[in-house]
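For reference, the structure is listed below as structure tokens.
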Amino acid sequence: MNKDEVFINYLLSNRIRKLPPAHANDVYQLYADKYKKWISPFLNKHNIEEIPQLLLLNTLKKTPDFFIIGNKNFFVIDYSMHRYFYDINYIFSDNEFNEYIVNAYIKLYMEKAYLKERIDFCHCLCANTTDIEDYKLTNSYRNDDTIQYLCDKTDLQEMFLLLHEACHLLFCTFDKNVKESEGFQVLKDNLQPIIKINEAVNVDDEFYEECYCDYKSIFYTLEETYFSTKLSNEEYFSLFFLTLVNVYVLQFFERCQNKSYNAQYNFEYDRIALFSMRMANLHATLFNFLSAHNQNDEIINKLTSVYYASLDRAADIFSKAHQISQCLEEEISNSISEYEHLTRKDKIYYIENYLLLVNMNI
Ligand SMILES: [Zn+2]
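2 is the number of the first residue of the sequence shown in the numbering used here; add one for each residue after it.
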């Protein structure tokens, strides 16, 4: 085994691999095409000739990543992210399905617990929620037209997230001087009014980098898709805001797995304030794009109302996510003793089957 393989295996063991889908080759081809269509031209546009090698994964971690081994760059796409966003888009596609958000978040919570090796907790949660994905057995979830429509939406969100990551890659490896560039300084200036409103919050370099990556990736996504999308303006705009909301939920659930983290009292004031500022930055970026392309007032007004509706929805989603984490921590922790008779190995075996993971034969 060479050094590359050792590192890649280490990375995989950290992320916990899911079983490949039935048509794994088709999925690989699909993502090779997405990579060629989205990431390569974006990097080329920023004078990067040598495009990193694509590493396609299906893991519990879900988030994209990049790394360097020797002088070789790798870009990680984890296509389980697509499934996460797809389910949330389905759930929000009709008021009738909205209650399933609890199911989707419990599933996410158990995955994050397993990633943190909380075997007893995760096993107990799996054993107590065996019907959590039954809503996917319905005709509406499996309808071909629904699938196409939801895939179009989810693809846009995925494009935004992958380009955001590609932008971090630009910062870290190819263009270390970007923070001195004119574009970065202009964005920093533009953010000042937003920051003023939240002056109690500590704004650091990382925050500016996140906003710059959002700005770059959204602008590029808009240039490539705004004039060709079949979605209505409202649906199209709200997708970007909803992406950020659900990335925050994912990160929140990751932090909830740390024993030292106490989600009891708040959803972290600082993080929510930073989140609001990133939402305002998304709004400003969309607004600037529309203005630059002479879009009429009616469309601009639609953007504004979508933005405010998305903030309300975010507050509602965060409160649900907070309640779910509190409720699970209390109830599941009280039930763990019911499974004392099982060995750790038994529990892992159960979880691996439940979450459709690659069997590690521990
Ligand atoms: Zn980022």
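Ideal Cβ placement from N, Cα and C applies to all residues, glycine included.
Ligand 1 heavy atom lying under 7 angstroms from the CB of residue i
i      : result
Cys214 : yes
Glu225 : no
Glu159 : no
Glu211 : yes
His294 : no
His342 : no
His165 : yes
His124 : no
His169 : yes
C-beta contact flag for residue i and residue j at 8 angstroms
i      : j      : result
Tyr106 : Val250 : yes
Asp215 : Leu163 : no
Leu240 : Leu157 : yes
Thr244 : Tyr237 : no
Lys63  : Phe254 : no
Leu357 : Tyr110 : no
Arg279 : Cys212 : yes
Ile89  : Leu57  : no
Ile352 : Cys127 : yes
Asn59  : Lys19  : yes
Phe43  : Pro53  : no
Leu171 : His47  : yes
Ser334 : Cys257 : no
Tyr101 : Val28  : no
Val248 : Ala315 : no
Lys217 : Cys168 : yes
Ile198 : Val204 : no
Leu13  : Tyr36  : no
Thr130 : His83  : no
His124 : Tyr308 : no
Ala285 : Asn191 : yes
Ile70  : Phe8   : yes
Inter-residue CB distance, residue i and residue j (contact presumed, cutoff 8 angstroms)
i      : j      : result
Leu275 : Leu287 : With 8 angstroms as the limit, Leu275 and Leu287 do not qualify as a contact, their Cβ atoms being about 19 angstroms apart.
Phe86  : Glu134 : Contact doesn't hold; Cβ gap of about 16 angstroms is too wide.
Leu151 : Tyr91  : 6 angstroms
Leu61  : Arg16  : 6 angstroms
Lys260 : Asp121 : Contact flag wrong, Cβ pair sits at about 13 angstroms.
Ile40  : Phe76  : 7 angstroms
Leu223 : Asp153 : No, Leu223 and Asp153 are not in contact; Cβ-Cβ is about 15 angstroms, not under 8 angstroms.
Boundaries (first-last residue) of the alpha helix (DSSP H) holding residue i
i      : result
Asp135 : Premise fails: Asp135 is in no alpha helix (DSSP H) and is neither H nor E.
Val103 : Ile102 to Leu116
Asp317 : Asp298 to Ser336
Val28  : Ala25 to Lys35
Pro42  : Ser41 to Lys46
Ile349 : Arg345 to Tyr355
Tyr11  : Lys4 to Arg16
His124 : Ile120 to Asn129
Beta strand (DSSP E) segment containing residue i, residue limits
i     : result
Val77 : Lys73 to Asp79
Ile70 : Asp66 to Ile70
Gln54 : Gln54 to Leu58
Ligand 3 heavy atom lying under 7 angstroms from the CB of residue i
i      : result
Tyr355 : Although ligand 3 was asked about, the structure shown includes only ligand 1 as ligands.
Going residue by residue through the segment 166-240, where are the continuous alpha helix (DSSP H) segments of at least 4 residues, counting only ones entirely within it?
183-198 and 206-226
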